[in-house]
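A short worksheet on the structure shown next.
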């Protein structure tokens, strides 16, 4: 029986798995998906290379476990922020703020690179799909403002947020990115109201 460093085998497994996930995350964040190998992970985690498959079936499983740390938490954080707000305009603006804040805390580009390279289990795939369903949220949010459904407007707002994600990944400050993203989104909403983009009765 292998030597364990915890009171029970189960606790030992949890500790070692957490070390493996930490190691995998560090490699994925700093070096990218291609550098995530069994050798690199076990060296970083400080365990024997042939031990890794006692804890995961594949390197793909490790990528999924790293994603599982972040996607559900990101979604919950955004949902909690929106749950406190009733005003339709402020809900759209808070959605922008909350997503940019989560990208600042967790990173965005590296997570999406991991997601693209990983065969996700159903629950996590659903989380990722839901996280990307901005079209539905923005459509309903703009409709609540009395604006007609115009896909170009929704796409422009989503593009503003995507540009914010890229700016954060490039090292720009959250306050600056959020300020200009909100300026752009508010301008889109105000221009639609001035233009009279109302649903046809």
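Numbering (the UniProt record's numbering), first residue to last: 1 to 201.
The C-beta atom is built at its ideal place from N, Cα and C for all residues, glycine as well.
Apart from sequence neighbours up to five positions away, the residues of its chain that approach residue 94 with a beta-carbon distance below 8 Å are 81, 82 and 85, ordered along the chain. Its chain contains 100, 164, 167 and 168 as the residues whose beta carbon lies nearer than 7 Å to that of residue 177, once the 5 sequence neighbours on both sides are disregarded; these appear in chain order.
Secondary structure of residue 172 (DSSP, three-state): coil. Between the C-alpha atoms of residue 24 and residue 103 there is a straight-line separation of about 19 Å. Residue 192 is positioned such that its CB atom lies no closer than 8 Å to that of residue 138. In terms of Cβ geometry, residue 43 and residue 19 do not form a close pair [threshold 8 Å]. Every alpha helix (DSSP H) of 4 residues or more that sits fully in the UniProt domain "HTH tetR-type" (14 to 74) is shown, in chain order, as 38 to 45. Secondary structure of residue 108 (DSSP, three-state): coil. Distances from the CA of residue 173 to each of 105, 111 and 67 were compared; the closest alpha carbon is that of 105. In the structure shown, residue 147 falls within a coil segment according to DSSP collapsed to helix, strand and coil.
By the neighbour-count criterion, in which a residue is buried when 16 or more other Cβ atoms sit within 10 angstroms of its Cβ, residue 78 is buried. Residue 157 and residue 171 have their C-alpha atoms some 21 Å from each other. In the three-state reduction of the DSSP assignment, residue 7 falls in the coil class, being assigned neither a helical nor a strand state.
Of the residues assessed, residue 154 falls on the buried side of the cut-off, its CB having 16 or more other CB atoms within 10 angstroms.
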